Amino acid sequence: MKKIDRRDVLKGLAVGAGAAVAMPALGGRAQAQSGGKVVVGTWGGDYARLLTKNIEDPLLKPKGLEVVQDQAGDAPRRAKMVAERRLPRGTVDIQGFSAANMFEMNEAGATETLDYSKIPNAKNLLPTMKYPYGIGHIYSGNVVIYNPKLISPAPTGFKDWLDPKWGNKIGFIDIQYQAIMIAWYWMS
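All you need for the working numbering is the position in the sequence shown, starting with 1, plus 430.
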């Protein structure tokens with residue numbers, strides 16, 4: 431078994447802004463609902479608009495696929511997945527979740543194992559983006575951002591950034607809390 435180091439954990443969680451999760455009702459692959467319709471579970475808002483502009487309209491519509499977005503926060507979509515796992519077919523074809531939420535859904539028995547041989551561009555995926563039960567689709571770096579008028583000297587890494595002496599002079603965006611917590615864990 432490969433030893434997992436801190437860098438592997440942070441890279442894996444950096445994927446966490448989202449990933450496609452295979453649903454059991456799909457037999458392990460995303461199939462269009464009747465009539466060439468694909469239902470995608472997503473967060474909504476700006477993210478939904480980006481999906482429409484950069485994926486649905488230019489890539490899927492020309493192939494005759496109609497994409498319907500099932501917009502909601504993570505928690506309601508996870509609850510829906512668990513509730514629908516006993517149905518012969520779920521109401522959503524693909525879910526967008528963070529890496530941690532993907533893992534949770536897999537542990538709950540709400541995903542299927544992906545067959546990467548059936549995914550044409552799978553060979554181009556970063557290894558840290560490939561999970562047995564999903565594919566990471568956003569990769570972000572976590573960096574220290576600070577106001578030099580409030581924090582001096584400049585932080586050189588997470589250890590400096592998380593020093594309690596800075597109190598309320600630092601902040602984190604909520605979607606990255608998992609990676610921040612892992613960084614904190616490895617420092618303590």
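Ideal placement from N, C-alpha and C gives every residue a C-beta, glycine not left out.
Remember, predicted model here, so these are calculated numbers, not experimental data.
So Tyr563 and Asn536 are in contact, right, with Cβ under 8 Å, and what is the actual spacing, rounded?
-> Position 133 of the sequence shown, counting from 1, holds the residue named residue 563. Position 106 of the sequence shown, counting from 1, holds the residue named residue 536. Yes, Tyr563 and Asn536 are in contact; Cβ-Cβ is about 4 Å, under 8 Å.
For my contact list, Asn572 and Ala609 are in at a C-beta cut-off of 8 Å; report their separation, rounded to the angstrom.
-> Against the sequence shown, residue 572 aligns to sequence position 142. Against the sequence shown, residue 609 aligns to sequence position 179. Sure, about 5 Å apart at Cβ, within 8 Å.
Is it the case that the Cβ atoms of Gln501 and Met511 are separated by a distance below 9 Å?
-> Here residue 501 refers to the residue found at position 71 when the sequence shown is read from its first residue. Here residue 511 refers to the residue found at position 81 when the sequence shown is read from its first residue. Not in contact: Gln501 and Met511 (Cβ atoms no closer than 9 Å).
Check the DSSP bridge columns for Gln608 and list the partner residues they point to.
-> Indexing the sequence shown from 1 puts residue 608 at position 178. Beta-bridge pairing links Gln608 to no other residue.
Backbone secondary structure at Tyr561 - three-state DSSP | Here residue 561 refers to the residue found at position 131 of the sequence shown. Tyr561 falls in the strand class under three-state DSSP.
What number of angstroms, rounded off, separates the C-alpha of Leu555 from the C-alpha of Pro506?
-> Counting from 1 along the sequence shown, the entry for residue 555 is found at position 125. Counting from 1 along the sequence shown, the entry for residue 506 is found at position 76. Distance between the alpha carbons of Leu555 and Pro506: 29 Å.
Closest Cα partner of Met559 within the set Trp591, Ile581, Phe533, Ile575 | Residue 559 sits at position 129 when you count from the first residue of the sequence shown. When only C-alpha atoms are compared, the closest one is Phe533.
Sheet register partners of Gly471 (DSSP bridge) = On the sequence shown, residue 471 is found 41 positions in, with the first residue counted as 1. Looking at the DSSP assignment, Gly471 forms a beta bridge with Asp500, Gln525.
Around the C-beta of Thr543, are 16 or more other C-beta atoms found within 10 angstroms, so that it is buried, or is it exposed?
-> As a working mapping, residue 543 is identified with position 113 in the sequence shown. Label assigned to Thr543: exposed.
Taking only the alpha-carbon atoms, compute the straight-line gap between Ile568 and Tyr477 and give it to the nearest angstrom.
-> In the sequence shown, the residue the question calls residue 568 occupies position 138. In the sequence shown, the residue the question calls residue 477 occupies position 47. Between Ile568 and Tyr477, the C-alpha separation is close to 11 Å.
Apart from the five residues just before and just after Phe602, which ones in its own chain have a Cβ nearer than 7 Å to its Cβ?
-> Start at 1 with the first residue of the sequence shown, and residue 602 comes out as number 172. Cβ neighbours of Phe602 beyond the five flanking positions: Ile610.
Span of the alpha helix (DSSP H) holding Trp591?
-> On the sequence shown, residue 591 is found 161 positions in, with the first residue counted as 1. Looking at the DSSP string, the run of the alpha helix (DSSP H) that includes Trp591 is 588-591.
Near Phe588, what residues of its chain come up, given a Cβ to Cβ distance below 6 Å and the 5 sequence neighbours on each side ignored?
-> Here the question's residue 588 lines up with position 158 in the sequence shown. Correct list, in chain order: Ala613.
Quick one: using the 10 Å Cβ neighbour count with 16 as the cut-off for buried, is Asn484 buried or exposed?
-> Counting from one through the sequence shown, the residue named residue 484 turns up at place 54. Burial call: exposed.
Skipping 5 residues on each side, what residues in its chain have a beta carbon closer than 7 Å to that of Trp596?
-> Taking the first residue of the sequence shown as position 1, residue 596 is located at position 166. Here the set comprises Ile581.
Neighbourhood of Leu480 by C-beta distance below 7 Å, restricted to the same chain and skipping five residues each side | Residue mapping note: residue 480 aligns to position 50 of the sequence shown, counting from 1. No residues qualify anywhere along the chain.
Roughly how many whole angstroms lie between the Cα atoms of Ala584 and Trp473?
-> Indexing the sequence shown from 1 puts residue 584 at position 154. Indexing the sequence shown from 1 puts residue 473 at position 43. One C-alpha to the other measures close to 35 Å.
Cβ-Cβ distance between Val498 and Lys491 below 9 Å | For this step, residue 498 is matched to residue 68 along the sequence shown. For this step, residue 491 is matched to residue 61 along the sequence shown. Taking 9 Å as the Cβ cut-off, Val498 and Lys491 do not qualify as a contacting pair.
Starting from the Cα of Lys467, find the closest Cα among Asp487, Asp504, Tyr561, Leu495 and give me that residue.
-> On the sequence shown, residue 467 is found 37 positions in, with the first residue counted as 1. Nearest of Asp487, Asp504, Tyr561, Leu495 to Lys467, Cα basis: Leu495.
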